[in-house]
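See below for the structure under consideration.
In full-length UniProt numbering, the protein residues as written are 1 to 112.
Given below as structure tokens:
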């Protein structure tokens, strides 16, 4: 029972902190009580909390850049088929083996 209450308490604490942070970031839109320097300081603090050292956009730009982009060469190859002779198949039909002589097959004798 004690662990259930502590979980609810910790969850409520984190949700409260989250709501306060979101309220600070949205408050300048609705309230005119804050001066612009305080608002800018709060927004910059929230941005720094959200960024890591790895989230450097200059490093990401260098990682994304390919070294061969500078010397991009486009090669265009076109293949144009040329029909040299269309009668090749027709000429080969005449060169097939044709049996001219058909041997005579004797008829079987009638059953007597």
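All C-beta atoms, glycine included, are put in the ideal place defined by N, C-alpha and C.
Since this is a predicted model, take the numbers as computed values, not measurements.
(1) List the whole-angstrom C-beta distance separating residue 9 from residue 25, where the pair is believed to meet the contact cut-off of C-beta under 8 Å.
(2) Using only the alpha-carbon positions, how far apart do residue 101 and residue 108 sit?
(3) By DSSP, does residue 79 sit in helix, in strand, or in coil?
(4) Classify residue 107 as helix, strand or coil using the three-state DSSP reduction.
Let me spell this out:
(1) Going by Cβ atoms, the distance from residue 9 to residue 25 rounds to 25 Å, so no, they are not a contact pair.
(2) 21 Å
(3) coil
(4) coil
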